[in-house]
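Residue numbers (our numbering), protein chains in the order written: chain E, 1 to 90; chain D, 1001 to 1511.
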């Protein structure tokens, strides 16, 4: 499973009650009511644990976390280390 | 005289059409633009079979479309019902049916929640989709098409200020949410009172991270229209750093928050590289403001005034503490706001003296008309006052008042508690838990939480042989409750402590 699929599986399992009903990888998680502010923190916990990364306050922005695709790309950048060029979704 | 809430917007748009009213999603929406857009929404409603006094619901996240809808609904002579966008289908259907909503303005991103609800809510005749309508939607115009129409003023619906302006749903101790009815008179009075004591001016830029389904959020937008200030409208506080950056960029002067927001803010201090020196005031309501947090905020923002306040949906706001008295009255929520009287009564309804604990009673133009379609529930809260025929509001909250008239919150008469500033009805969550066949007993309480004040904890006893996990239970809650109502903790137990009469003893669970 690649990163994006892994993140998608987590979102579907935890926020869409296991029903993968065609929620898009570029759909806003917050805007569509799938995840709320508490959910964002759960998602952060999942990303930190699963990909062994550390998120700072500055990382907690929608550009990094509000869609499945953004999350996958963000994790990619994080794993590549500081200063790494932006990586698109794997 | 500005008689109606929508007069606020009309007047500001006349005075300063090109001034930014809303900053949202990196777009600027002027007073003139929102005024005209709301005229278009009103015309569209009037062209459909909507009549004066009908209820029109709005189901979307904070956005310029939401604000244009609210004012458009009012201009059409109809009553707006803003529903929290994390509401699930079943409850959405309940609300739509409860107050007989005739038209719904909904974000198409929420279609998977809306469509099942519409099947259960036959009163809804018209749906106006914001965004591309779902494939199987009934034919009709979209919000974008309505906004693209040539501008014309809506027909005068012939309202008076006693007409209903909004119905706001609030959790009740019985489990079913109740629709608080507020008139134009209620809301114009409350908007004047709040913006007066805060001292809002047209130069203010107020950030709103609260949902507009929450009256505290809604009033930021209404007061923005009234005073003519700019509102930085955020979707939520889910991404605090982004909000702080936006606040710095737009030189925000006012931050209305709830304790969870301020607790998060304090954790993020000292805000490296984010200049919040423009902040002139902060307000807190919805749950008690811990004095330690007030003191730390004072240190971080020495230039900002801090307003500690208290209110309830049934009258919007009750009181505020004058920032000048913060030093000596830090645990108080202050005194009544302008044009309102409050007093404390004993169980017989007799007024009590200083420092005696009793129920807080509110008298004023801010007091609701009642709960929609619930005369018995209304009669419990709206009772005879001293003047024949006048109704005063029994708050359901215990308070004491000191010799100088400052109010101190003591606790609630029922088991409702606040989490993240939202009212939590244990009954409502327990009802949802009992929908699971495997659940034999369920009890929900609030437990202490450093960020949220109280966190929701559910205790569940399973039927023999049931193989339900905590995760299954949380999934079920997520599917049926607004996100903020989903228990943070779920504990499966073999049994729950009981009173002698066999009721679940919640005080024992709290230990």
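Just so it is clear, CB atoms sit at the ideal spot from N, CA and C, and this is done for glycine as well. Only a predicted model underlies this, so the values are computations on that prediction, with no experimental measurement involved.
Taking 8 Å as the cut-off, decide whether the C-beta atoms of residue i and residue j are in contact.
i, j, result
"residue 1240 of chain D", "residue 1268 of chain D", "yes"
"residue 1076 of chain D", "residue 1024 of chain D", "no"
"residue 1483 of chain D", "residue 31 of chain E", "no"
"residue 1142 of chain D", "residue 1150 of chain D", "no"
"residue 1260 of chain D", "residue 1411 of chain D", "no"
"residue 1120 of chain D", "residue 1137 of chain D", "no"
"residue 1399 of chain D", "residue 1360 of chain D", "yes"
"residue 1367 of chain D", "residue 1391 of chain D", "yes"
"residue 1468 of chain D", "residue 1088 of chain D", "no"
"residue 1175 of chain D", "residue 1431 of chain D", "yes"
"residue 1082 of chain D", "residue 1058 of chain D", "yes"
"residue 1096 of chain D", "residue 1005 of chain D", "no"
"residue 20 of chain E", "residue 67 of chain E", "no"
"residue 1281 of chain D", "residue 1307 of chain D", "yes"
"residue 1244 of chain D", "residue 1276 of chain D", "yes"
"residue 1048 of chain D", "residue 1166 of chain D", "no"
"residue 36 of chain E", "residue 1499 of chain D", "no"
"residue 1084 of chain D", "residue 1213 of chain D", "yes"
"residue 1228 of chain D", "residue 1012 of chain D", "yes"
Since residue i and residue j are thought to touch, with beta carbons under 8 Å apart, how far apart are those beta carbons, to the nearest angstrom?
i, j, result
"residue 1258 of chain D", "residue 1284 of chain D", "7 Å"
"residue 1278 of chain D", "residue 1253 of chain D", "6 Å"
"residue 1106 of chain D", "residue 1129 of chain D", "6 Å"
"residue 1489 of chain D", "residue 1455 of chain D", "7 Å"
"residue 1504 of chain D", "residue 1460 of chain D", "Not quite, the Cβ-Cβ distance comes to about 11 Å (not below 8 Å), so this is no contact."
Find the residues of chain D that neighbour residue i, judging by a C-beta separation of less than 7 Å, and give them in chain order.
i, result
"residue 60 of chain E", "1239, 1240 and 1241"
So with CB distances below 9 Å, who are the chain E contacts of residue i?
i, result
"residue 1268 of chain D", "57"
"residue 1475 of chain D", "13, 14, 17 and 18"
"residue 1149 of chain D", "Correct list: empty, because the minimum Cβ distance to chain E is about 26 Å."
Using a C-beta to C-beta distance shorter than 8 Å, which residues of chain E count as neighbours of residue i?
i, result
"residue 1085 of chain D", "33"
"residue 1110 of chain D", "32 and 33"
"residue 1236 of chain D", "30, 36 and 37"
"residue 1484 of chain D", "36 and 38"
For residue i, which of the options has the nearest alpha-carbon?
i, options, result
"residue 1109 of chain D", "D:1080, D:1120, D:1131 and D:1124", "D:1131"
"residue 16 of chain E", "E:47, E:34 and E:67", "E:34"
"residue 1487 of chain D", "D:1035, D:1467, D:1496 and D:1447", "D:1447"
"residue 1429 of chain D", "D:1033, D:1467 and D:1171", "D:1171"
"residue 41 of chain E", "E:62, E:26, E:27 and E:22", "E:62"
"residue 1208 of chain D", "D:1145, D:1351 and D:1216", "D:1216"
"residue 1364 of chain D", "D:1337, D:1345, D:1371 and D:1347", "D:1337"
"residue 1056 of chain D", "D:1123, D:1369 and D:1034", "D:1123"
"residue 1161 of chain D", "D:1505, D:1393, D:1212 and D:1079", "D:1079"
"residue 1299 of chain D", "D:1311, D:1288 and D:1270", "D:1270"
"residue 1414 of chain D", "D:1325, D:1424 and D:1070", "D:1424"
"residue 1291 of chain D", "D:1206, D:1273, D:1312 and D:1328", "D:1328"
"residue 1478 of chain D", "E:5, E:8 and E:18", "E:18"
"residue 1247 of chain D", "D:1318, D:1221, D:1274 and D:1264", "D:1274"
"residue 1342 of chain D", "D:1362, D:1035 and D:1256", "D:1362"
Kindly list, in the order they appear in chain D, the residues whose Cβ is closer than 8 Å to that of residue i.
i, result
"residue 15 of chain E", "1478"
"residue 21 of chain E", "1112"
"residue 40 of chain E", "1238 and 1239"
Could you spell out the range, first to last residue, of the alpha helix (DSSP H) harbouring residue i?
i, result
"residue 49 of chain E", "37 to 51"
"residue 1012 of chain D", "1005 to 1015"
"residue 59 of chain E", "Premise fails: residue 59 of chain E is in no alpha helix (DSSP H) and is neither H nor E."
"residue 1199 of chain D", "Unbroken run through residue 1199 of chain D: none, as it is neither H nor E."
"residue 1095 of chain D", "1089 to 1098"
"residue 1111 of chain D", "1111 to 1120"
"residue 1106 of chain D", "It is not in any alpha helix (DSSP H) - residue 1106 of chain D instead sits in the beta strand (DSSP E) that spans 1103 to 1107."
"residue 1295 of chain D", "1291 to 1300"
"residue 1072 of chain D", "1064 to 1075"
"residue 1477 of chain D", "1470 to 1480"
Given 7 Å as the limit, tell me if residue i has its C-beta closer than that to any heavy atom belonging to the ligand MN.
i, result
"residue 1180 of chain D", "Inclusion of the ligand MN in the displayed structure is not the case, the ligand content being empty and no account of it being possible."
Since residue i is in the beta strand (DSSP E), which residue starts that stretch and which ends it?
i, result
"residue 1454 of chain D", "1453 to 1462"
"residue 74 of chain E", "It is not in any beta strand (DSSP E) - residue 74 of chain E instead sits in the alpha helix (DSSP H) that spans 68 to 80."
"residue 1256 of chain D", "1254 to 1257"
"residue 1359 of chain D", "1358 to 1364"
"residue 1496 of chain D", "No beta strand (DSSP E) contains residue 1496 of chain D, which DSSP labels as neither H nor E."
"residue 26 of chain E", "Unbroken run through residue 26 of chain E: none, as it is neither H nor E."
"residue 1038 of chain D", "Where residue 1038 of chain D is concerned, there is no enclosing beta strand (DSSP E), although the alpha helix (DSSP H) it sits in stretches over 1031 to 1047."
"residue 1398 of chain D", "1391 to 1401"
"residue 1448 of chain D", "1439 to 1449"
Give the interface partners of residue i over in chain E, defined as CB-CB distance under 7 Å, in chain order.
i, result
"residue 1284 of chain D", "Those within 7 Å of residue 1284 of chain D in chain E number zero; the least Cβ separation is about 17 Å."
"residue 1339 of chain D", "None at all; the shortest Cβ gap to chain E is about 35 Å."
"residue 1249 of chain D", "Per Cβ cutoff of 7 Å: no residues; residue 1249 of chain D is ~13 Å from chain E at best."
"residue 1061 of chain D", "31"
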